[in-house]
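Just so you know, the sequence shown maps onto residues 18 to 295 in the numbering used here.
Glycine included, C-beta positions come from ideal geometry on N, C-alpha and C.
None of these values were measured; they are calculated from a predicted model.
Have a look at the structure below before the remarks.
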Amino acid sequence: MSLKHIVENYPGDLTPSDESLIQELLANPQEAAYLTAAELAARVGVHESTAVRLAQKIGYRGYRELRSDLREELMDTVDSAERIRRSLGESEVLASLVSDEIAALQEMLQTVSQEQLDQASKIIINAERVFLYARGHATSLVEYTDRRLRRSGFRTVDLRGRGRELAEQVITLTERDALLGFAMRKKQPALEALLKQAAQLNVPSILISDPLGPIIRPRPTVLLWARRGVEGQFQSHAVSLTICSALTLTIARHDEGRTFESLDRLASLVKRYEKIDI
């Protein structure tokens, strides 16, 4: 079982130090796979023994075994990505960006499966309403997914509120609904509160994320995460948007014509309203 699967399925609690170490391992696997426990710990500002205890906590005999597993996972992906990157000059911005995106998209296939997308799509299809939440740069993903879902005939609630306003928006959340959250780079206390509320109410939840995803607790019903490129360099939403697009297409495959019927109604309405001179 890969490190990402071990972390995703770990049932226990993770300390803030554990979370920092895991996020570093998942965000920078090419480098982390060759770091000693002391070097990894130094990167996130914790003691070497913390890295060793983390490895043992999640089921490894020690840190060396964890590092060995991580190296094996990289064998099929690192070489091709590095060859492409090294073949480009630093001045070739467009070519370099395209190669990085291609590498990230190919790597995504290792962390997101069609089975997971099928499970997530069925959650949305069976929901009366889909509550969407994001903050920061991830709000663009909510806007995109919200529009796609509404066009497909699904009732959505965009959770833009904060504090009291957010509480008022989710007061009607029930087990017949679904929660779709987005988290990139930094943990969002409000998202964790929403996941906790969803778990308490038996509301199925979906989280689309980057290497932050596996350390978020409570764990969502379905976690769709992938690296968005090389940590420390420019990271676009191409990977995240691809996951969103794959999800909406998978929904259309399973919703027994609901999407296509809704799109036909939308086309008729567009013709009607375009004739109105406002």
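Using the Cα positions of L190 and A243, report the straight-line distance between them to the nearest angstrom.
-> The alpha-carbon atoms of L190 and A243 are separated by roughly 28 Å.
Where do the ends of the beta strand (DSSP E) carrying V174 lie?
-> 173-175
With C-beta atoms as the reference, is P237 less than 8 Å away from L218?
-> no
Integer Cβ distance of G170 from S262, believed to fall under 8 Å | G170 to S262, Cβ: 17 Å. No contact.
8 Å contact criterion, which A155 and A200 should meet: CB distance rounded = 7 Å
Along the chain, which unbroken stretches of the beta strand (DSSP E) at least 3 residues long are found entirely within the region 231-284?
-> 239-242
Rounded to whole angstroms, what's the CA-CA distance from S34 to T67? Just pull it up for me.
-> 7 Å
Going by the CB atoms, is the gap between H64 and A297 shorter than 8 Å?
-> Missing from the structure shown is residue 297; the chain here goes from 18 to 295 and no further.
Kindly indicate which three-state DSSP category S222 falls into: helix, strand or coil?
-> strand
Counting Cβ pairs, one atom from each stretch, are 3 or more of them under 8 Å apart for the region 146-155 and the region 173-180?
-> Short answer: they touch.
Taking all protein chains shown into account, decide if V220 is buried (16 or more other Cβ within 10 angstroms of its Cβ) or exposed.
-> buried
What are the start and end residues of each continuous beta strand (DSSP E) run of 3 or more residues lying completely inside the region 142-197, in chain order?
-> 147-150, 173-175
Option nearest Q214 by Cα separation, candidates S85, G198, V287, R88 = With respect to the C-alpha of Q214, the residue from S85, G198, V287, R88 having the closest C-alpha is G198.
By DSSP, does L20 sit in helix, in strand, or in coil?
-> helix
In its own chain, which residues sit with a C-beta less than 8 Å from the C-beta of S130, not counting the 5 before and 5 after it?
-> Apart from the 5 residues on each side of it in sequence, S130 has no Cβ closer than 8 Å to any other Cβ in its chain.
From the DSSP output, which residues share a beta bridge with A200?
-> A200 pairs with S226.
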